[in-house]
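Engineer: Structure in structure tokens, see below.
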Amino acid sequence: MSNFYFLRSEWPSIYAEASKAEQHTLTEPRYAAILCRSALEKAIYWIYDNDAELELPYQPNLNALMFHP
Numbered sequence: 000m001s002n003f004y005f006l007r008s009e010w011p012s013i014y015a016e017a018s019k020a021e022q023h024t025l026t027e028p029r030y031a032a033i034l035c036r037s038a039l040e041k042a043i044y045w046i047y048d049n050d051a052e053l054e055l056p057y058q059p060n061l062n063a064l065m066f067h068p
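End of the sequence shown = 68 in numbering that gives the first Met the number 0, gap-free, step of one.
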């Protein structure tokens, strides 16, 4: 069972990438890192889509999305 199983029902696309990253952590760490970043970006975009008080920054790169005031 994955450490990210709790995501499966509400956020299946995030779960899919996180669990796949977990499976490849030891065998293909670079691929796992790419999947982790993708899962993080999906989660952050979900937050922006579902919180009316947040607005996307001018440049929606990962740094701006994470640290936008």
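A virtual CB, placed ideally from N, CA and C, is assigned to each residue, including glycine.
#1: Which residue comes first and which comes last in the alpha helix (DSSP H) that contains residue 7?
#2: Indicate whether the contact test is met: 3 or more Cβ pairs, each with one atom in the segment 11-29 and one in the segment 39-51, closer than 8 Å.
#3: What does a CB cutoff of less than 7 Å around residue 7 pick up in its chain, not counting 5 residues either side in sequence?
#4: Pick helix, strand or coil for residue 61, following the three-state DSSP scheme.
#5: Taking just the CA atoms, how far does residue 0 sit from residue 64?
#6: Hey, out of 49, 17 and 26, whose CA is closest to residue 34's CA?
Structural biologist: Reading off the structure:
#1: Per DSSP, residue 7 belongs to no alpha helix (DSSP H) and is neither H nor E.
#2: yes
#3: 14
#4: helix
#5: Computed Cα separation, rounded: 31 Å.
#6: 17
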